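Everything in the sequence shown is counted per the working numbering, starting at 2 for the first residue and increasing by one.
Notes follow the structure.
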Amino acid sequence: MAVNTVSAALSGSFSIGGTTPVVRLGYGTMQLTGEGVWGDPKDPDEAVRVLQRAVERGVTFFDTADSYGPVVAEQLLKKALHPYNDDVVIATKAGLTRSGPGDWRPVGRPEYLRQQAELSLRNLGLEQIPLFQLHRIDPKVPLADQVGELALLQQEGKIKHIGLSEVSVAELQAAAEFATIASVQNLYNLANRSAEDVLDYAERNSIAFIPWFPLATGQLAAQGGPLDTLAKEHGKSPSQLALAWLLRRSPVMLPIPGTSSVSHLDDNVDAAEITLTDEEFAALEKAVSG
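Below is the structure:
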């Protein structure tokens, strides 16, 4: 089958907050930066091509953050895709500061979150951020102050929907006292399902669940492993099956595999056409639970 014929739209759609539809198989921009998520990419032109190719392949949901680079990923999105198609939805985040490669420190002071929202509007070239996520809850700042500031930005029309990242069910419930939470972004993949309870809560409440690090397949992708065996039967790659498993797992799941290569992007998008049988889904699940 020709690689160009599969549209990400085959993965289905989900409406964030009930008002913002996106194609479920999205794209995450973290890998478009330098080593340690710091500085410019090794090949800036390829980074632009990857983003433009994603749109060509039917991707409408792009996840980024002010701290990726910092600012590098947001500015690449603007360079590659602005003016944006009407169906493109960009989600960004604030709440983690950077002092060097691989270093991440939470800052949730309201004035800082507001400043970063204003900078993201500028760096992305947007009048309103479709989804603005608190990158981490800052334990030094009351949750009411952090989420409350996002609610104020929402009331002012600067952001449309509010999301959280790396939170527990209890934290989701607590945040809901101060704002409507439209999305949650936690570590989740076939090999690491520690956020299962958060996913179940999100599904019950029609909250988008955005799994970061969705392709951490580890030993599952090793030669002779369960993903490798099933991938050969399908004529697909282990990564494609890992994405297909996520898409099958829940209708609120919005996987955002990232890559700095057009060829890898094409490989990921082809996962949209894979439909796992009940037996295949269960076999993959069993392989990592045993």
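Each residue gets a CB set at the ideal place from its N, CA and C atoms; glycine is no exception.
Bear in mind the structure is a predicted one, so any value in this text is a computation, not a measurement.
Which class does residue i belong to by DSSP, given the choice of helix, strand or coil?
i: G164; result: strand
i: L216; result: coil
i: G35; result: coil
i: D67; result: coil
i: N86; result: coil
i: L26; result: coil
i: T230; result: helix
i: V185; result: strand
i: A260; result: As written in the sequence, residue 260 is Thr, which differs from the Ala given in the question. It is coil, neither helix nor strand.
i: T6; result: helix
i: N206; result: coil
i: G291; result: Note that G291 scores 48 on pLDDT, short of 50, meaning its location in the model is unreliable and no value can be drawn from it.
Is it buried or exposed, residue i, if we count other Cβ atoms within 10 angstroms and call 16 or more buried?
i: L223; result: It should be noted that the sequence gives Ala, not Leu, for residue 223. Classification of A223: exposed, given that the 10 Å Cβ count is below 16.
i: N86; result: exposed
i: D64; result: buried
i: E75; result: buried
i: E281; result: buried
i: H136; result: buried
i: A203; result: buried
i: A283; result: exposed
i: D198; result: exposed
i: Q220; result: exposed
i: M2; result: Confidence in M2 is poor, its pLDDT being 36 and thus under 50, which makes the residue's placement unreliable; the coordinate value appears in the next sentence. Exposed is the call here.
i: D271; result: buried
i: Q186; result: buried
i: T233; result: Residue identity check: residue 233 is Lys in the sequence provided, not Thr. K233 comes out exposed.
i: G291; result: At G291 the pLDDT is 48, less than 50, meaning the model places this residue with poor confidence and gives no usable figure here.
Enumerate in chain order the residues of its own chain whose CB-to-CB distance from residue i is below 7 Å, with the five nearest sequence positions on each side excluded.
i: S12; result: V24, R25, L26, L248, A273
i: D48; result: Note on identity: in this sequence residue 48 is Ala, with Asp being the wrong assignment. Same-chain partners within the cutoff: L33, P42, L77, S261.
i: A108; result: A small fix is needed here, since residue 108 is Val in this sequence, not Ala. Counting only Cβ-Cβ distances below 7 Å, and skipping sequence neighbours, we find G96, T98, D139.
i: K141; result: none
i: T21; result: V90, P131, K161, H162
i: F214; result: L188, N190
Mind reading off the beta-carbon distance from residue i to residue j? Whole number of angstroms is fine, and I expect it under 8 Å.
i: Q1; j: I275; result: Nothing about residue 1 can be read from this structure; the chain reaches only from 2 to 291.
i: L132; j: A176; result: 15 Å between Cβ atoms; not a contact.
i: G158; j: Q129; result: 6 Å
i: L200; j: S251; result: 6 Å
i: L244; j: N206; result: Going by Cβ atoms, the distance from L244 to N206 rounds to 24 Å, so no, they are not a contact pair.
i: R115; j: P71; result: So it is not a contact: roughly 17 Å between Cβ atoms.
i: A217; j: A192; result: 6 Å
i: G225; j: Y28; result: Going by Cβ atoms, the distance from G225 to Y28 rounds to 31 Å, so no, they are not a contact pair.
i: Q156; j: A92; result: Their Cβ separation, rounded to whole angstroms, is 19 Å, which puts Q156 and A92 out of contact at 8 Å.
i: G126; j: V73; result: With a Cβ gap of about 15 Å, G126 and V73 do not count as contacting.
Taking the DSSP output, what are the residues bridged to residue i?
i: R106; result: T98
i: S14; result: V24
i: I130; result: I160
i: A92; result: D64, L132
i: N193; result: N190
i: I211; result: Q186
Following a CB-centred definition, is residue i positioned closer than 6 Å to any heavy atom of the ligand FAD?
i: Q156; result: With respect to the ligand FAD, the structure offers nothing, as it holds no ligand at all.
Under 8 Å Cβ to Cβ from residue i, same chain only, skipping five residues before and after it: list those, please.
i: E36; result: P102
Quick one: residues in its chain with C-beta nearer than 6 Å to the C-beta of residue i, no 5 flanking neighbours on either side, listed in chain order?
i: G18; result: H162, A183
i: A10; result: V24, G59
i: Q53; result: A81
i: L154; result: A118, I160
i: D67; result: A95, Q117, S121
i: V4; result: A caution first: V4 carries a pLDDT of 48, below 50, which makes its placement in the model too unreliable to give a value.
i: A145; result: F179
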